[in-house]
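Q: Chains as they are written, first to last, in our numbering: chain A, 140 to 763; chain B, 140 to 763.
From the three backbone atoms N, C-alpha and C, an ideal C-beta is built for every residue, glycine too.
All values reported here derive from a predicted model rather than from experimental measurement.
Number of protein chains: 2
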Amino acid sequence: MSETTTRAPIDLDLAGEVAAQLRVDSVRSSTSAGSGHPTSSMSAADLLAVLVTRHLRYDWDDPGAAGNDHLIFSKGHASPLLYSVFKSVGVVDDDELMSGYRRFDQRLEGHPTPRLPWVDVATGSLGQGLPDGVGVALAGRHLEDAPYRVWVLCGDSELAEGSIWEALDKASHYRLTNLVALVDVNRLGQRGETDLGWDMDAYARRVEAFGARAIVIDGHDLDEIDAALAAATDDEIDRPVVVLARTVKGKGFAKIEDSPEWHGKPLPSDLADEAIAELGGERHLQVRGPLPPDVTPPDLTTTPVELPTYELGTEVATRNAYGDGLLALGRADPRVVALDGEVSNSTHADTFADAIPERFFEMYIAEQQLVAAATGLSVRGYVAFASTFAAFLTRAYDFIRMAPVSRADLRLVGSHAGVEIGADGPSQMALEDLAMIRATHGSTVLYPADATSTVALVDVMAHTPGVVYMRTTRGAYPVLYDPQETFEVGGSKTLRSSAADQVTLVGAGITTHEALRAADLLADDGITARVIDAYSVKPIDVAALTAAAEATGGRIVVAEDHHPEGGLGAAVIAALVEAGVSGLRLEHLAVRGVPGSGSGPELLAWAGIDADHIAAAARVLART
Amino acid sequence: MSETTTRAPIDLDLAGEVAAQLRVDSVRSSTSAGSGHPTSSMSAADLLAVLVTRHLRYDWDDPGAAGNDHLIFSKGHASPLLYSVFKSVGVVDDDELMSGYRRFDQRLEGHPTPRLPWVDVATGSLGQGLPDGVGVALAGRHLEDAPYRVWVLCGDSELAEGSIWEALDKASHYRLTNLVALVDVNRLGQRGETDLGWDMDAYARRVEAFGARAIVIDGHDLDEIDAALAAATDDEIDRPVVVLARTVKGKGFAKIEDSPEWHGKPLPSDLADEAIAELGGERHLQVRGPLPPDVTPPDLTTTPVELPTYELGTEVATRNAYGDGLLALGRADPRVVALDGEVSNSTHADTFADAIPERFFEMYIAEQQLVAAATGLSVRGYVAFASTFAAFLTRAYDFIRMAPVSRADLRLVGSHAGVEIGADGPSQMALEDLAMIRATHGSTVLYPADATSTVALVDVMAHTPGVVYMRTTRGAYPVLYDPQETFEVGGSKTLRSSAADQVTLVGAGITTHEALRAADLLADDGITARVIDAYSVKPIDVAALTAAAEATGGRIVVAEDHHPEGGLGAAVIAALVEAGVSGLRLEHLAVRGVPGSGSGPELLAWAGIDADHIAAAARVLART
């Protein structure tokens with residue numbers, strides 16, 4: 140930190156100087172990079188200048204301080220503004236701003252990510268920052284009783300995203316008085332005027348109808364901004380606050396103000412020079428606002444987990460075991476939090492919710508907010524498990540794909556997977572979920588077949604970084620494993636094997652049980668089959684699969700309750716080809732049509748993934 | 140149709156009898172099936188009885204009649220009610236209702252699908268029916284000037300989904316006075332009270348704030364219902380209407396009314412008998428409401444498409460060619476409609492929008508509604524192309540996965556795919572899109588490398604059923620093909636080949652260009668490479684790949700600008716293993732880390748998918 144830093148309290152005149160500097164630096168950095176969004180930064184510069192100098196309580200020397208406020212740029216494309224703020228408080232220097240922005244291998248990326256220690260979550264996919272902020276605020280309001288505030292800068296265009304309204308609905312439901320959204324209503328989207336333009340009343344009506352307090356201001360009047368931010372943090376506030384700031388895109392450089400032609404375009408250097416001159420020239424102020432109160436972090440001491448045990452052979456649904464495991468984990472680890480999308484009596488997150496209601500959040504039928512809240516909770520160090528029907532996690536895929544960019548640890552649990560669910564029909568059947576999560580960077584995909592492995596893997600999930608997904612099954616099936624068995628990411632269990640195995644049957648979840656039954660059918664025909672429970676779909680157990688392939692002459696049947704693309708079969712095939720296994724003769728059984736209703740067994744048979752079909756495929760292979 | 144059918148006009152007393160029958164049949168059908176949602180049906184029975192007997196204009200003998208109203212059950216779990224309606228108008232008989240509901244291989248599925256000719260779209264994933272209805276209404280209001288109305292029955296729980304608010308926002312923006320949502324506010328979700336319970340004022344404020352007219356009624360008062368539906372269809376109405384009906388779950392059987400214990404549960408037979416008795420016993424009325432006006436379908440005669448042509452070697456971005464091709468298609472085919480998510484100047488849907496504005500719909504930043512509108516337009520026979528950044532299609536995955544269940548033909552176009560986009564960073568880079576769409580049932584995935592193939596494939600898309608996805612590229616690259624080349628679903632182009640090929644390089648989109656450059660590098664080393672442009676990622680060209688593998692000793696390098704799971708590499712590997720190709724030595728180059736910003740070439744090199752890396756991988760293979 141430079142010696143020239145000015146400390147709080149900062150008056151509005153100086154804040155105005157900071158605002159001019161933020162504009163100049165937004166122009167300079169984007170022009171230097173040859174790309175970026177100066178005009179969308181300039182519209183919000185006054186908001187940020189007043190916020191950062193006078194209201195945001197943040198120790199810039201200690202971004203991990205428990206009492207720090209949180210600042211989230213939901214309009215991530217205004218990254219020049221954010222990085223200019225970082226310069227204004229002295230944590231990024233002018234050299235980095237001018238030579239690092241949007242450059243290869245540099246941390247000042249086109250849209251902010253937590254590569255920067257002052258950034259909580261990655262943004263840039265609009266409509267995500269506010270929902271993420273709801274998760275951060277939930278922790279402060281309901282888990283920690285902490286004084287920090289969550290400030291979220293939103294664009295007006297992104298208010299067209301349904302996820303914003305899911306967020307405000309939950310923010311008001313949970314009375315998140317620690318959440319303040321600042322909406323930069325600059326009227327212009329990427330290609331012209333937004334849906335509502337400068338209709339501030341329309342925005343205010345929507346915000347108020349969703350249970351938040353709307354404060355409409357001129358977003359370039361420093362006094363109005365200051366008063367709004369003070370009101371938003373008043374002790375009497377009983378609702379989340381949305382400051383609706385009427386602004387002008389490109390504000391500060393008359394030639395481009397309010398022009399639809401200048402979205403996402405850096406100024407050519409001659410125009411940049413002109414703009415900088417009009418803005419009063421370069422400044423290199425360093426000004427810091429108030430520090431946070433001292434906060435003692437909550438006591439999050441863990442005790443050893445005592446997982447429930449199940450007797451071999453008893454029939455238990457893995458979704459029930461999920462609830463049991465989650466509760467055991469929750470009792471041992473105060474960081475464990477559960478969220479659900481209004482189906483907790485199906486996913487059995489209710490087992491946790493009934494016993495530890497203070498760490499359970501009902502997100503109702505709003506899966507985007509469900510996943511975003513888990514992301515936000517992970518920012519505060521919580522181990523959040525979010526559950527719904529596996530099919531409905533597809534609703535939140537954009538949020539899931541952003542989790543690795545946010546460096547968030549997300550634990551997702553999807554129940555009622557595949558045609559096994561039966562009568563409800565295809566709308567409720569996840570048949571794409573394994574593919575969806577496998578394609579997410581750094582993800583782990585678990586699909587246990589029994590209760591013992593489920594509870595063990597719930598424990599594993601708590602300690603696995605990144606996006607970790609567990610798929611559970613609706614019906615009850617026999618417990619396969621003793622409580623002392625161990626399960627790990629990348630593991631598998633070989634349930635049947637002998638020196639004379641002729642064919643390998645690979646299943647996961649429900650198809651593990653079908654493969655076991657198939658092995659019995661094959662045994663009746665004198666065919667010995669190895670059976671592998673591939674409970675870790677990603678990473679898959681390459682060693683066990685390779686050994687099995689080699690032991691059984693390359694004969695493998697993979698069966699999965701999922702579409703043929705991107706799931707268990709794809710994982711097995713990719714692993715074996717990558718391992719260079721030769722002479723593969725692989726049959727891949729998967730759901731290749733659109734299912735209807737029926738019983739689980741009827742539909743497993745219809746899809747060709749039940750024991751009979753596995754055995755039939757194995758018989759053909761065994762003959763060759 | 141039975142001779143006992145009563146015809147319109149129907150008085151409210153008879154409508155009341157129909158309502159009782161709908162309740163009785165909802166109980167009977169779900170009890171007979173042993174599953175289903177009788178209580179969620181009973182709450183809305185009065186609404187449906189009045190609607191179907193007095194306001195819905197529908198020729199039940201001709202579900203394809205152009206003038207028919209549309210009836211969409213956004214709360215698809217109330218299928219017993221819908222199927223009971225179908226019995227009440229005489230198109231489903233009592234036997235089918237009692238023996239077919241939720242049974243294997245029967246059309247009365249757990250949630251309605253277009254296997255039934257009176258059902259437009261599949262529902263059951265909550266929050267989709269209303270957005271789909273917006274698409275259907277857009278056609279009537281803005282493409283056909285048709286008199287039909289779109290009636291959508293919503294649950295109250297699903298109003299927590301952001302997609303509902305995306306839908307109302309667009310419905311009011313486009314002044315869809317032909318859209319009426321009926322919300323069955325029965326207070327109870329699956330596991331207890333909804334977020335807002337019976338707070339009808341809160342619902343009304345939200346609905347009005349989003350630009351629709353809210354009419355709050357007692358949903359069990361037939362006069363109030365009738366008046367509301369009449370008001371909703373009044374000629375003076377200048378906004379979409381949302382009828383907010385306060386109802387009681389399980390209405391009609393006192394023992395279970397308003398009980399949170401009876402969600403999604405059929406009544407045991409003794410309770411069912413009791414309920415039927417309380418409801419006045421079985422009825423088998425056949426009552427039909429008003430017929431639609433005669434409507435002359437719009438003239439949708441097509442003329443031959445004249446695709447634009449490009450000179451070999453000139454540099455054209457495929458996203459630009461997409462716009463060119465779409466415009467050519469639109470000029471030839473009046474059924475072609477374009478929609479975009481506020482990025483049309485990036486996807487280049489603007490080429491179409493500028494020339495044919497009357498068939499372009501701006502959906503703003505609301506990707507769920509974008510895809511839902513395309514689904515709804517397909518219900519009316521339009522060929523709708525929906526475009527946004529490929530990354531943001533992940534926002535709509537739940538809608539995409541439902542399209543095959545809805546039997547909808549969806550044309551999706553995602554631009555700015557992969558690390559090739561450069562400076563904007565990972566939030567804007569689609570790296571999961573190929574996996575996501577490949578895992579969708581019956582989908583087609585196209586990823587052209589040049590302008591000629593792009594425009595040809597845009598034409599192919601218009602004639603390809605199901606979900607068809609095209610991935611386009613940000614940067615401009617050389618035109619590779621003469622205008623007379625043909626391109627087809629399942630095809631590929633072999634760009635380099637000789638009798639002495641030692642290794643095969645497979646690319647698609649940007650990596651086709653990298654593979655060509657790699658072949659040049661390899662030629663300098665005396666290694667001859669076959670180069671395949673796998674522009675059809677799904678289905679993939681098995682014959683060409685198999686022939687290439689056999690010609691080049693199983694040596695294949697696949698490079699893709701996508702995560703390693705579920706994309707081009709997965710498609711190639713699955714095809715070759717399924718074809719039984721032996722001795723595969725395959726190198727799969729894909730994006731295996733989280734990218735940052737940088738230039739396209741820097742990031743392609745960083746990811747290890749550029750020409751240098753392809754050539755290096757090929758050299759290793761060629762040595763073995």
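Per DSSP, which one or two residues make a beta bridge with A/Pro617?
A: In DSSP, A/Pro617 forms a bridge with A/Glu454.
Q: Is there at least one Cβ from chain B nearer than 8 angstroms to A/Ile649's Cβ?
A: It does not: the Cβ of A/Ile649 has no partner Cβ on chain B nearer than 8 angstroms.
Q: Please determine whether the Cβ atom of B/Trp401 lies at a distance below 7 angstroms from any heavy atom of the ligand FMN.
A: As presented, the structure is devoid of all ligands, the ligand FMN included, so that no description of it is given.
Q: Go through its chain and collect everything with a Cβ distance to B/Met237's Cβ below 8 angstroms, but skip five positions before and after it.
A: Within the same chain, B/Met237 has close Cβ partners Arg167, Ser168 and Ser171.
Q: Tell me where the beta strand (DSSP E) around B/Leu728 begins and ends.
A: Here the beta strand (DSSP E) through B/Leu728 covers Arg724 to Leu728.
Q: So what does DSSP say about B/Leu298, is it helix, strand or coil?
A: B/Leu298 falls in the helix class under three-state DSSP.
Q: Using 8 angstroms for Cβ pairs, my map puts A/Arg762 next to A/Arg724. What's the rounded Cβ distance?
A: The pair is not a contact, with the Cβ atoms about 11 angstroms apart (cut-off 8 angstroms).
Q: Within the continuous alpha helix (DSSP H) that includes B/His652, where are the two ends?
A: Segment Ile649 to Asp663, the alpha helix (DSSP H) holding B/His652.
Q: So with Cβ pairs under 8 angstroms, would you call A/Gly268 a contact of chain B?
A: No, A/Gly268 does not count as interfacial toward chain B.
Q: Would DSSP call A/Lys309 helix, strand or coil?
A: A/Lys309: helix per DSSP, three-state reduction.
Q: Measuring straight from C-alpha to C-alpha, what distance separates A/Ser636 and A/Ser545?
A: Each residue's alpha carbon lies about 43 angstroms from the other.
Q: What separation, rounded to the nearest whole angstrom, lies between the Cα atoms of B/Ser182 and B/Ala673?
A: The straight-line gap from Cα to Cα measures roughly 53 angstroms.
Q: At 3 residues or longer, what runs of the beta strand (DSSP E) sit wholly inside the region 493-518 of chain B?
A: List check, beta strand (DSSP E) in window: 499-501.
Q: Below 8 angstroms, can you find three or more Cβ-Cβ pairs linking the region 551-567 of chain B to the region 583-593 of chain A?
A: As far as the Cβ criterion goes, the region 551-567 of chain B does not touch the region 583-593 of chain A, which means the pair count is below three.
Q: Using a Cβ-Cβ distance cut-off of 8 angstroms, determine whether A/Ile504 contacts chain B.
A: So, interface residue.
Q: I'd like the list of long-range same chain contacts for A/Leu406, defined as Cβ closer than 7 angstroms, with 5 residues on each side in sequence excluded.
A: Once the five neighbours on either side are set aside, the close Cβ partners of A/Leu406 are Val166, Thr170, Pro177 and Ala414.
Q: Go to B/Val381, then tell me how far its beta strand (DSSP E) extends in each direction, as first and last residue.
A: Val380 to Arg385 is the span of the beta strand (DSSP E), which, as asked, contains B/Val381.
Q: Determine whether the beta carbon atoms of A/Ala654 and A/Leu644 lie at a separation below 8 angstroms.
A: Contact: yes.
Q: I want to know whether the region 509-527 of chain A touches the region 448-456 of chain A - three or more CB-CB distances under 8 angstroms.
A: Because the criterion of three Cβ pairs below 8 angstroms is not met, the region 509-527 of chain A and the region 448-456 of chain A do not touch.
Q: Which partner residues of B/Leu551 appear in the DSSP bridge assignment?
A: B/Leu551 is bridged to B/Ala525 and B/Tyr608.
Q: In whole angstroms, give me the CA-to-CA distance for A/Ser736 and B/Ala261.
A: Taking the straight line joining both Cα atoms gives about 13 angstroms.
Q: What residues of chain A sit near B/Met541, judged by a beta carbon separation below 7 angstroms?
A: Correct list: Ser566.
Q: Can you list the residues of chain A that B/Ile712 reaches, using a CB-CB cut of under 9 angstroms?
A: Ala709, Ile712, Ala713, Val716 and Glu717, listed in chain order.
Q: Skipping 5 residues on each side, what residues in its chain have a beta carbon closer than 6 angstroms to that of A/Lys632?
A: Cβ neighbours of A/Lys632 beyond the five flanking positions: Asp672.
Q: CA-CA distance, A/Ala299 and B/Ile504?
A: Whole-angstrom Cα-Cα distance: 6 angstroms.
Q: Threshold first: 3 residues or longer. Then list the beta strand (DSSP E) segments lying entirely within the region 196-283 of chain A, N to C.
A: As far as the region 196-283 of chain A is concerned, its whole beta strand (DSSP E) runs of at least 3 residues are 209-212.
Q: Could you tell me which chain A residues have their CB closer than 9 angstroms to the CB of B/Thr262, listed as they occur along the chain?
A: Within chain A, the residues near B/Thr262 are Ser566.
Q: From B/Asp463 to B/Leu269, what distance separates their C-alpha atoms?
A: For B/Asp463 and B/Leu269, the distance between alpha carbons rounds to 32 angstroms.
Q: Residue range of the beta strand (DSSP E) that B/Leu634 falls in?
A: Start and end: Lys632 to Arg635.
Q: Checking the sheet assignment: what are the DSSP bridge partners for A/Asp323?
A: Answer is A/Gly294 and A/Ala384.
Q: When the cut-off is 8 angstroms and only beta carbons count, does A/Gly274 lie next to chain B?
A: Not an interface residue.
Q: Secondary structure at A/Ser141, three-state DSSP: helix, strand or coil?
A: Residue confidence is low: A/Ser141 scores 45 on pLDDT, short of 50, so the model does not pin down where it sits. No coordinate-derived value is stated.
Q: Below 8 angstroms between beta carbons: does that hold for B/His718 and B/Val681?
A: Note that residue 718 of chain B is Ala in the sequence shown, not His. It is a contact, given that the beta carbons lie within the stated cut-off.
Q: List, in chain order, every chain A residue whose beta-carbon is nearer than 7 angstroms to that of B/Arg326.
A: Simply none; closest approach about 13 angstroms.
Q: Is the CB-CB distance between A/Ala750 and A/Pro734 below 8 angstroms?
A: No. Outside cutoff.
Q: Name, please, each residue of chain B whose Cβ falls closer than 7 angstroms to the Cβ of A/Val733.
A: What A/Val733 touches in chain B: Pro543, Val544 and His580.
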